[in-house]
Amino acid sequence: MSEGSNLINIDFTMAIQIINFLILVYIFWKVFAKKIEKVIEERKHLALSEMEIVEKEKEKLEEQKTASEKLKKESKRRANEILIKAERQADERKEQIISTAMTNRERMMMKAEADIEKMRQNAKFELQKEVGEMALELAEKIIKENIKDKEDEIIDNFIDEIGD
Numbered sequence: 001m002s003e004g005s006n007l008i009n010i011d012f013t014m015a016i017q018i019i020n021f022l023i024l025v026y027i028f029w030k031v032f033a034k035k036i037e038k039v040i041e042e043r044k045h046l047a048l049s050e051m052e053i054v055e056k057e058k059e060k061l062e063e064q065k066t067a068s069e070k071l072k073k074e075s076k077r078r079a080n081e082i083l084i085k086a087e088r089q090a091d092e093r094k095e096q097i098i099s100t101a102m103t104n105r106e107r108m109m110m111k112a113e114a115d116i117e118k119m120r121q122n123a124k125f126e127l128q129k130e131v132g133e134m135a136l137e138l139a140e141k142i143i144k145e146n147i148k149d150k151e152d153e154i155i156d157n158f159i160d161e162i163g164d
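The sequence shown begins at 1 in full-length UniProt numbering and counts up by one.
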């Protein structure tokens, strides 16, 4: 035999091994194919059901996320409304306090002006009274001096007339 024929030379034992392998594959196929197919189908269904569960959970998570964002926006809106309402109430309260203070200030000013006017009138009255009393005292003094001067003069005149 030549060298080229050695390469193609198939041994009889090798052919029997190939036939044995094919028979084993056939027997394996006949005996275990349905069981393996059943297990593969079960695994496939299990994987598909788990994927469906995962998809459903993912959808629920998305819904919860959307609901959470909506709730967050609603909370922000309400917080802003509360702040605006509080600012408005604070402004109204401030205006009310200012108005009350202005009214009280005006009332106090009017009372102070009335008190000042009353005190001015009292002071004027007291001053007139004192001026009147002083004028009266001055008039008395002048009259007394005039009378004393006149009295001395009358007495002198009387003495002069008597002496004459």
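Glycine included, each C-beta is placed from N, C-alpha and C at the ideal position.
The structure displayed is predicted, hence computed values, not measured ones.
{"Check": "Give the straight-line distance between the Cα atoms of Asn-20 and Val-31, rounded to the nearest whole angstrom.", "Outcome": "16 Å"}
{"Check": "Rounding to the nearest angstrom, what Cα-Cα distance links Lys-56 and Glu-81 in this structure?", "Outcome": "37 Å"}
{"Check": "May I ask you to report which of helix, strand or coil DSSP gives Asp-91?", "Outcome": "helix"}
{"Check": "Specify the secondary structure class of Asp-11 as computed by DSSP and reduced to three states.", "Outcome": "coil"}
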